[in-house]
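When we follow the numbering used here, the leftmost residue of the sequence shown carries the number 411, and every step to the right adds one. We treat Cβ as the ideally placed atom computed from N, Cα and C, and that holds for glycine. Everything below concerns the one structure shown next.
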Amino acid sequence: LGTPVNPAQIFPEPSLLSRIDSGAVDATIGYESAVKSLRLPFLALPRQINLSDPSMVAEWYSRAAVTLRVKGHRQTLHTQPLVFYACVPRNARNPEAGRAFVSLLQSRKGQELFARYGYNPPLGGPV
């Protein structure tokens, strides 16, 4: 596989997914939503390690870390859940449309879209 940091093996995600689709790359790690939207085959990781479940922070995610050498200094990075947010900014040009969009995301139709494209359902309510 080469060294842990090999620029020849690092690709931006959109480029990487097209390389997977064309057969130029055999395997990668990425977002489930990206592979589902491209209808690529994938193996889902268990929630204990896939960083999708905020309730797993204390028991699992906080245990994992990677230590890198950055500009001669060791830096330890800890994992965190991958969380997406939807909001309507106070200064939104069209706040009504923004609220309608957030409502759609929370609706049954929105939940179906999330599931179809590999996203977990929203866990929280309005803030």
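Checklist entry - Does DSSP put Gln485 in a helix, in a strand, or in coil? => result strand
Item to check | Length of the line joining the Cα atoms of Pro532 and Gly508 | outcome: 16 Å
Next on the checklist: Bridge partners for Val480 per DSSP, in chain order?
Outcome noted: His483
Item to check | Simplified DSSP assignment, three categories, for Ala437 | outcome: coil
Item to check | Whole-angstrom C-beta distance between Ser462 and Pro491, which should lie under 8 Å | outcome: 7 Å
Next on the checklist: Going by DSSP in three states, Ala475 sits in which element: helix, strand or coil?
Outcome noted: strand
Next on the checklist: What would DSSP say about Ile459, mapped onto helix, strand or coil?
Outcome noted: coil
Next on the checklist: Buried or exposed, going by whether 16 or more other CB atoms sit within 10 Å of the CB of Val445?
Outcome noted: buried
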